[in-house]
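Data first, discussion second: the structure below is written as structure tokens.
Residue numbers (UniProt numbering), protein chains in the order written: chain A, 1 to 250; chain B, 1 to 529.
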């Protein structure tokens with residue numbers, strides 16, 4: 001079964017923009033303001049390895065593991081994004097349990113598959129994608145992610161060369177957390193403000209111009225603060241001194 | 001490069017942020033301001049007119065080249081949760097291995113300091129400063145006593161570290177199984193196989209004309225050469241980095257190489273760049289570093305003994321000493337798995353505001369380091385330009401040859417690529433050498449760590465580095481190393497020990513006299529199989 005998304009790990013993150021019909025992208029390059037969001041509180045159980053045959057005598061590994069995520073009983077979540085760091089999982093499927101919102105209040109006990117065999121490692125025998133961060137968005141899923149009460153992540157690793165596989169730093173975000181104002185990076189507002197022409201001919205600066213320049217200066221300092229690479233000073237000494245005896249190990 | 005059009009907004013945002021605060025940015029701004037005085041700039045169509053002005057005055061091209069440089073050098077923006085160390089190297093066991101290797105280097109440097117009771121860095125007294133300044137252009141005539149100094153490490157030591165590299169999550173027992181690698185490198189990185197290489201290096205195919213190869217196509221070489229030079233000049237007139245990069249894949253005409261490489265690396269040697277170089281020089285004069293002695297020692301041991309490079313000894317000192325003081329090199333640690341050594345100003349141990357990087361560029365030279373600079377001396381005679389080209393080559397390529405990382409151009413991947421190629425292409429030879437205890441990598445490792453500098457005749461080496469620049473990748477080094485073995489396969493099948501095999505690798509020297517083009521030809525041939 002093929003999903004309508006790019007299944008190339010390592011690039012998964014870029015897949016975000018493919019599906020992004022949202023007004024503002026969520027991510028910005030490092031160094032600019034990122035919106036601060038809190039992941040949804042949840043209980044994560046696992047990974048539990050699927051075992052073939054007797055646990056004590058059979059050492060064959062099935063290459064399948066399950067992670068269960070549940071939200072506190074009273075709460076169902078409209079899931080927006082699932083973020084994790086891979087640890088040697090090659091393929092991921094996700095199944096969800098929802099409060100059936102079509103038949104008001106009545107809960108359906110059917111598991112629905114919202115992601116099927118999503119590729120996290122293009123070649124399961126080698127390192128590619130083995131420890132990458134990935135974001136999965138609701139737009140990428142096979143079904144809606146409203147009113148989710150629990151998720152079951154099914155991890156597969158067909159290659160026998162890895163001793164363990166799992167997903168780490170699993171975080172789930174719900175809808176309605178995007179705040180465009182907060183996510184709006186400073187350099188962009190700076191760009192917009194500078195598009196107005198400035199007079200260059202000799203004249204006394206008017207108050208409006210002066211204030212806009214002060215504002216620009218302020219913005220520039222903000223940009224420099226957020227953008228460390230922009231300021232290259234070139235000094236390696238401290239107060240004119242670079243007398244060193246030994247290197248530090250920490 | 002770009003993976004799809006959809007990533008574009010993100011890459012653009014990244015790029016704008018990178019380029020703000022650069023000299024080019026302020027130059028563009030100044031040009032735009034100056035252009036306001038021109039009669040062809042109308043207020044009602046200001047934005048468009050200025051854009052047009054920047055285009056025809058050549059500034060747009062400069063911006064394009066700067067963007068192209070960023071795309072080539074910096075990794076694309078990664079996942080927002082990715083930490084700085086994850087961006088440096090995504091595999092945690094590689095990071096740990098690199099960190100413990102660094103610690104070994106630090107210990108070795110520290111013990112050198114303690115044994116000889118010399119400081120790592122000190123300010124030179126005024127008399128000493130004047131003396132150094134007066135002999136700046138002839139530092140090679142100086143014969144300081146360097147017997148107490150030893151290179152911090154040699155490629156051989158580094159190879160041992162790479163051989164012992166293991167993924168703790170990889171099932172490997174002492175018993176050989178289908179999983180154990182037959183070569184020395186035991187980490188399961190993804191490397192290109194022959195079909196992928198053929199596709200990747202398609203311009204090196206036998207049907208494409210190559211400079212430096214006489215009989216590879218049906219087209220008479222003179223005809224190809226004159227046409228190629230003609231195109232090269234056109235590329236230079238256009239001042240387009242991307243076009244230049246594509247062009248050098250088929251080799252650079254000697255006369256155009258210096259300019260073409262500078263164009264690809266986006267080096268223009270502006271007055272401010274020369275000023276920056278002078279400032280570095282002033283820093284060399286002002287401070288005496290222990291690392292300087294290591295550089296001296298290395299030049300004396302390598303380039304000064306090389307028939308091709310000994311004449312450049314003075315240049316090498318100038319470039320390498322300035323390089324060690326250049327804090328702009330520190331930026332490359334954002335995408336290098338290595339981290340710069342740290343220290344504290346004397347008497348201020350543990351106080352973070354007195355923490356400094358040592359040496360100021362964060363790079364500790366090892367045995368053979370100066371060979372990265374030596375071949376460039378053939379191309380650039382002006383020290384400041386030579387310096388900038390070297391620095392750019394270092395932060396784009398050479399650092400990968402002595403850092404432990406999973407990058408495709410990293411030394412670990414190159415070693416694995418070399419072993420895999422040899423194993424699949426010449427299994428009998430590989431098996432034979434392995435059986436007699438002469439693992440091929442033990443012979444080829446030093447070639448790759450030095451990017452073949454000192455092992456190939458200079459004209460051949462520059463043709464090889466053309467391809468490194470052209471493909472923005474070091475993988476060609478592994479391919480060439482494998483090709484050398486393929487070329488000497490018959491003789492190597494007869495040797496019975498590592499020493500004898502190593503003697504065979506003097507085959508590289510043979511090339512200097514016999515057929516200069518044979519290796520290039522050889523790696524083209526490999527791809528046809």
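Beta carbons are placed, not taken as given, at the ideal position from N, Cα and C, and that holds for glycine.
Should residue 224 of chain B and residue 211 of chain B be called a contact, given that it needs their Cβ atoms to be closer than 9 Å? yes
Taking only beta-carbon atoms, is residue 131 of chain A less than 9 Å away from chain B? yes
Is residue 121 of chain A helix, strand or coil when you go by DSSP? coil
Three-state class that DSSP yields for residue 96 of chain A in the structure shown: strand
6 Å Cβ shell around residue 383 of chain B - same chain, five flanking residues per side excluded: 318
Count the other CB atoms within 10 Å of the CB of residue 143 of chain A; is the residue buried (16 or more) or exposed (fewer)? exposed
C-beta neighbour in chain A for residue 110 of chain B, strict 9 Å: yes
Under 9 Å between C-beta atoms, does residue 111 of chain A make it to chain B? no
Run through DSSP, which three-state label would residue 2 of chain B get? Bear in mind that a pLDDT of 42 at residue 2 of chain B, under 50, signals an unreliable position, so the model cannot answer this.
For residue 495 of chain B, name the three-state secondary structure that DSSP assigns. coil
What's the C-alpha gap between residue 99 of chain A and residue 242 of chain B? 55 Å
Applying a beta-carbon distance threshold of less than 9 Å, which residues of chain B neighbour residue 135 of chain A? 79, 80 and 81
Helix, strand or coil: how does DSSP classify residue 158 of chain B here? helix
Can you tell which of B:102, B:396, B:334 and B:268 has the C-alpha that lies nearest to the C-alpha of residue 73 of chain B? B:396
If we cut at 9 Å on Cβ distances, does residue 266 of chain B have a partner in chain A? no
What residue from B:85, B:80, B:87 and B:84 has the CA that sits closest to residue 84 of chain A's CA? B:80
Relative to the alpha-carbon of residue 125 of chain B, which residue among A:128, A:162 and A:243 has its alpha-carbon at the smallest distance? A:243
Would you mind reading off the limits of the alpha helix (DSSP H) that contains residue 283 of chain B? 271-286
I'd like to check one pair, residue 418 of chain B with residue 478 of chain B: are the Cβ atoms closer than 9 Å? yes
Could you check whether the Cβ of residue 407 of chain B sits closer than 9 Å to any Cβ belonging to chain A? no
Taking residue 133 of chain A as part of the beta strand (DSSP E), name the residues at either end of that continuous run. 133-137
Within 9 Å (strictly less), CB to CB, does residue 243 of chain A reach chain B? yes
With C-beta atoms as the reference, is residue 80 of chain A less than 9 Å away from residue 145 of chain A? yes
By the three-class DSSP mapping on this structure, what secondary structure does residue 258 of chain B have? helix
Quick one: which chain B residues come within Cβ less than 9 Å of residue 93 of chain A? Near residue 93 of chain A there are no residues of chain B at all, since even the closest Cβ is about 21 Å away, more than 9 Å.
Counted within 10 angstroms of its Cβ, other Cβ atoms place residue 43 of chain B as buried (16 or more) or exposed: exposed
With a CB to CB cut of under 7 Å and the five nearest residues on each side skipped, what residues in its chain are close to residue 253 of chain B? 211, 228, 229 and 232
With burial defined as no fewer than 16 other Cβ atoms inside 10 Å of the residue's Cβ, what is the status of residue 203 of chain A: buried or exposed? Residue placement at residue 203 of chain A cannot be trusted, given a pLDDT of 46 that sits under 50; the coordinates are not used to answer.
Does chain A have any CB closer than 9 Å to the CB of residue 230 of chain B? no
Hey, is residue 443 of chain B's beta-carbon within less than 9 Å of any beta-carbon in chain A? no
Residue 12 of chain B: which of B:41, B:70, B:29 and B:498 sits nearest, CA to CA? B:70
For residue 208 of chain B, name the three-state secondary structure that DSSP assigns. coil
Can you name, in chain order, every residue of its own chain whose Cβ lies under 8 Å from the Cβ of residue 493 of chain B, other than the five neighbours on each side? 428, 429 and 432
Proximal residues of chain A, C-beta to C-beta of residue 345 of chain B below 9 Å: 237, 238, 239, 241, 242, 243 and 244
Short CB-CB distance (under 9 Å) between residue 277 of chain B and chain A: no
In chain order, what residues of the same chain have a beta carbon less than 6 Å from the beta carbon of residue 381 of chain B, not counting five sequence neighbours either side? none
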